[in-house]
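Note that this note's numbering has the sequence shown beginning at 1165, numbered continuously upward. As structure tokens, the structure follows; a few thoughts come after it.
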Amino acid sequence: MEITTDDGIRERLAWVDALASSDRRVRVLEAIGWPREVEERFFARGAGALPEVTYEVDRDPLQDRVRELDAAERSIEGDDPVSVWLRSTVASMRDASRMVLALGTADFSRLSKELYGGPRTRFHGGNERNIDLANHVIERLRPHGKDEASDDGAVELLDAEGLAAQLRERVAREYPRMAITVLVDPDATARVVAGASRVRVRADATFTPWEADALWHHEVETHALTGQNGAAQPAVGFLRMGGPRSTRTQEGLAVFTELHHHCASIERLRRLANRVLLVEMAEQGASFLDLYRHLVKHGSSEREAYLDAQRVCRGGLVAGGAPFTKDTVYLSGLLDVQAFLSAVVREGFRDEMELLACGRIALEDLTALVHLRRRGILQRPRFIPAWLRRWRTLVPEFAFLSFLDTIALSRVQLQYETLIRAATEV
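Okay, here's the thing in structure tokens:
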């Protein structure tokens, strides 16, 4: 039924929250993860054969879950912003179950593309595609080599224990303090694995100082923060989970914080862009081994190459043709978030900006959340990220940059062609 009254909205929100809290809740990234044993076996065999990956899926409960959420979605009537948002939220829960049911098949990749997009997904109906953005970033970074050491000499790397200690210290300094456990895990399948309340650091990983800073802003001050803010909402607790539909915005926001705090390094942005190209290669038939060898050939360490190839092939087909397309959302999500902030900051909508931190949301949710806040149903977020706390220094940045919209930068570049030619002459 359509919901119009405050009591009706609260009742429907509680019902959706109960669906989200069900014991059958599905976490896609956990379901598709490759055990550490797969990695060790791959290298023990000389890195010359496709990884052997199997997925354990309890199909009957998941199929029941899909039917339950199908019916729930159909039961939410109305075209008002809150009803539309709740239908999308329920559909996202269902789609997570559909993805897990399709693990290890080409259908998994098809569903992934529906939910996250792919390399050739276009921006807002225009001609520009994710792969065009990735190639643009790579081309602009091409003149720059690897991240250089500081002026003080060689960069001192942090080991896993050092990073864990640094993260714990930063958590302890925050007020109010988020409840986050940081531990070193020898079985972690990535360098860092983070959830809303726990960060696991791979025992053999090392990190540059700027990587450590980026991990704080990306994993703790974005993903953990929005998850904990969502869980703290009395009437909208399901904002703690997000689901596949919120991934593009959440990853875009996380990368924005890295850029804003000047810890998104050359290598970091190049790696995000290259992952889009890896997904494209896999869609065109490249196997895990093709991706791995391509990365090693172009300078990645063997472990780094394994981890990046794994990201693309997990859940799909290691033999190629059916990748997991999530890695295409980091740069496209960043573009979305940057465009949103450019429009909203210049208008002075600080309260609307706060909505980005109230839970794990998609940008499309903001209109519904404005309605809920006006009704007193949605509360202000408890934890505010540093970039938003510094409102007085954020506004001038966007106020100045907004004037660039009126300038044809290609004309400006023409003025410096002589300098560019002189600098590139051998």
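For each residue, glycine too, the CB sits at the ideal point set by N, CA and C.
Assigned exposure category for residue i - 16 Cβ within 10 Å defines buried
| i | result |
| --- | --- |
| residue 1470 | buried |
| residue 1584 | exposed |
| residue 1375 | buried |
| residue 1315 | Note on residue 1315: pLDDT 45, under 50, position unreliable in the model; the coordinate value appears next. By the 10 Å Cβ count, residue 1315 comes out exposed. |
| residue 1344 | buried |
| residue 1492 | buried |
| residue 1515 | exposed |
| residue 1169 | exposed |
| residue 1182 | exposed |
| residue 1313 | In this prediction, residue 1313 scores a pLDDT of 48, lower than 50, which makes its location untrustworthy; the coordinate-derived value is nonetheless stated afterwards. Flag for residue 1313 reads exposed. |
| residue 1317 | For residue 1317, the pLDDT reaches just 49, beneath the cut-off of 50, and the residue's location in the model is therefore unreliable, although a value from the coordinates is still provided. Burial call: exposed. |
| residue 1385 | buried |
| residue 1472 | buried |
| residue 1247 | buried |
| residue 1571 | exposed |
| residue 1513 | exposed |
| residue 1383 | buried |
| residue 1529 | buried |
| residue 1580 | exposed |
| residue 1165 | Low confidence applies to residue 1165: its pLDDT is 45, below 50, so where it sits in the model is not reliable enough to give any reading. |
| residue 1276 | buried |
| residue 1207 | exposed |
| residue 1238 | exposed |
| residue 1270 | exposed |
| residue 1511 | exposed |
| residue 1288 | exposed |
| residue 1216 | exposed |
| residue 1177 | buried |
| residue 1227 | exposed |
| residue 1444 | buried |
| residue 1377 | buried |
| residue 1421 | buried |
The alpha helix (DSSP H) enclosing residue i, as first and last residue numbers
| i | result |
| --- | --- |
| residue 1246 | 1245-1265 |
| residue 1424 | 1411-1424 |
| residue 1308 | Taken as a continuous stretch (DSSP letters only), residue 1308 belongs to no alpha helix (DSSP H), as it is neither H nor E. |
| residue 1516 | 1514-1518 |
| residue 1456 | 1452-1461 |
| residue 1277 | 1270-1280 |
| residue 1561 | 1555-1565 |
| residue 1445 | 1430-1447 |
| residue 1237 | 1223-1239 |
| residue 1427 | Counting along the chain, residue 1427 falls outside any alpha helix (DSSP H), and DSSP gives it neither H nor E. |
| residue 1504 | 1493-1509 |
| residue 1480 | Run containing residue 1480: none; DSSP gives neither H nor E here. |
| residue 1548 | Neither: residue 1548 is in no alpha helix (DSSP H) and is coded neither H nor E. |
| residue 1535 | 1530-1538 |
| residue 1395 | 1389-1395 |
| residue 1543 | Taken as a continuous stretch (DSSP letters only), residue 1543 belongs to no alpha helix (DSSP H), as it is neither H nor E. |
| residue 1572 | No alpha helix (DSSP H) contains residue 1572, which DSSP labels as neither H nor E. |
| residue 1198 | It is not in any alpha helix (DSSP H) - residue 1198 carries neither H nor E in the DSSP assignment. |
| residue 1525 | Looking at the DSSP string, residue 1525 is not in any alpha helix (DSSP H), and its letter there is neither H nor E. |
| residue 1216 | Run containing residue 1216: none; DSSP gives neither H nor E here. |
| residue 1585 | 1581-1588 |
| residue 1180 | 1170-1184 |
Cross-strand partners of residue i (DSSP beta bridge)
| i | result |
| --- | --- |
| residue 1322 | 1371 |
| residue 1209 | Note: residue 1209 sits in no beta bridge, so no partner. |
| residue 1293 | 1286 |
Indicate whether the contact test is met: 3 or more Cβ pairs, each with one atom in the stretch 1558-1578 and one in the stretch 1281-1301, closer than 8 Å. no
Going residue by residue through the stretch 1328-1385, where are the continuous beta strand (DSSP E) segments of at least 3 residues, counting only ones entirely within it? 1345-1349, 1356-1358 and 1362-1366
Could you tell me whether the stretch 1227-1237 touches the stretch 1486-1502, where touching means 3 or more Cβ pairs closer than 8 Å? no
Whether or not the stretch 1291-1311 and the stretch 1519-1532 are in contact is what I'm after, with contact meaning three or more pairs of Cβ atoms, one per stretch, closer than 8 Å; do they touch? no
Decide if the stretch 1540-1555 is in contact with the stretch 1258-1270; the criterion is three or more beta carbon pairs, one per stretch, under 8 Å apart. no
Flag this pair as touching only if the stretch 1472-1482 and the stretch 1397-1405 have three or more C-beta atom pairs under 8 Å; answer yes or no. no
Tell me whether the stretch 1322-1342 and the stretch 1460-1469 touch, counting them as touching only if at least three CB pairs, one residue from each stretch, are closer than 8 Å. no
Answer yes if the stretch 1389-1401 comes into contact with the stretch 1353-1367, meaning at least three C-beta pairs across the two stretches below 8 Å, and no otherwise. yes
Are at least three pairs of beta-carbons, each pair with one atom in the stretch 1289-1298 and one in the stretch 1433-1440, less than 8 Å apart? yes
Would you check if the stretch 1406-1422 and the stretch 1445-1462 touch, i.e. whether three or more CB-CB distances between them fall below 8 Å? no
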